[in-house]
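Okay, structure first, notes after.
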Amino acid sequence: FIFAAVGVFLTWQASQEGGALWVMGPVFALIGGLLFVSGVFVLGRGLECQIEGRQVTIVRRMFGKPLYSRSATIRSPQQIHLDKSVTATSGKRQTDYYRLKLHSDDGKKLTLAEGIAGRDAAEALRQRIIDQLSRDLDEELT
Numbered sequence: 018f019i020f021a022a023v024g025v026f027l028t029w030q031a032s033q034e035g036g037a038l039w040v041m042g043p044v045f046a047l048i049g050g051l052l053f054v055s056g057v058f059v060l061g062r063g064l065e066c067q068i069e070g071r072q073v074t075i076v077r078r079m080f081g082k083p084l085y086s087r088s089a090t091i092r093s094p095q096q097i098h099l100d101k102s103v104t105a106t107s108g109k110r111q112t113d114y115y116r117l118k119l120h121s122d123d124g125k126k127l128t129l130a131e132g133i134a135g136r137d138a139a140e141a142l143r144q145r146i147i148d149q150l151s152r153d154l155d156e157e158l159t
């Protein structure tokens, strides 16, 4: 937001004085505006995943309002994949963020979870889901 405000101020100054501010102002405003919009987008996004038996339903939300819903059926644990989504670096420390995706038989790719910090945590969550699916299947068969 600060970048956008500085860009608007510099553009206003350019209208008063002219010069190189005509270049700097719009560049700052554009970069600041993009950063602000992407920040609001990231803060407002939400994902809700519900697994009942073999049926998976996800709801994508923006500021609590449902945007869309998707459903699929899990046939085997091999359908649940781990994807690296983002790598963040802070100083000398690097953190990889992962997402769990379901590749359904009908070609749908549903995100089950996202923003999982570290491969170990993502693998543990994947295994936990697979274990729960196995328990549900065992209960159905007995």
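Note that our numbering gives residue 79 to position 62 of the sequence shown, counting from 1, and the numbers run on in steps of one.
The C-beta atom is built at its ideal place from N, Cα and C for all residues, glycine as well.
Using DSSP with H/G/I as helix, E/B as strand and the rest coil, what is Asp100? In this structure, Asp100 counts as strand in the three-state DSSP scheme.
Nonlocal neighbours in the same chain, by C-beta distance under 6 angstroms from Cys66, ignoring five residues either side: Within the same chain, Cβ atoms closer than 6 angstroms to the Cβ of Cys66 are found at Ile75 and Leu129, the five residues on either side in sequence being excluded.
Rounded to whole angstroms, what is the Cα-Cα separation between Gly70 and Ala134? So the alpha carbons of these two residues sit roughly 27 angstroms apart.
Can you tell me where the alpha helix (DSSP H) with Ile91 in it begins and where it stops? Neither: Ile91 is in no alpha helix (DSSP H) and is coded neither H nor E.
Could you give the first and the last residue of the continuous beta strand (DSSP E) run that contains Gly63? DSSP places Gly63 in the uninterrupted beta strand (DSSP E) bounded by Arg62 to Glu69.
Counting only the same chain and skipping the five closest in sequence on each side, list residues whose C-beta sits under 7 angstroms from that of Ala46. Excluding sequence neighbours, Ala46 sits near Ala21, Gly24, Val25 and Thr28.
If the criterion is Cβ atoms closer than 8 angstroms, does the pair Arg92 and Tyr115 meet it? No, Cβ-Cβ distance for Arg92 and Tyr115 is not below 8 angstroms.
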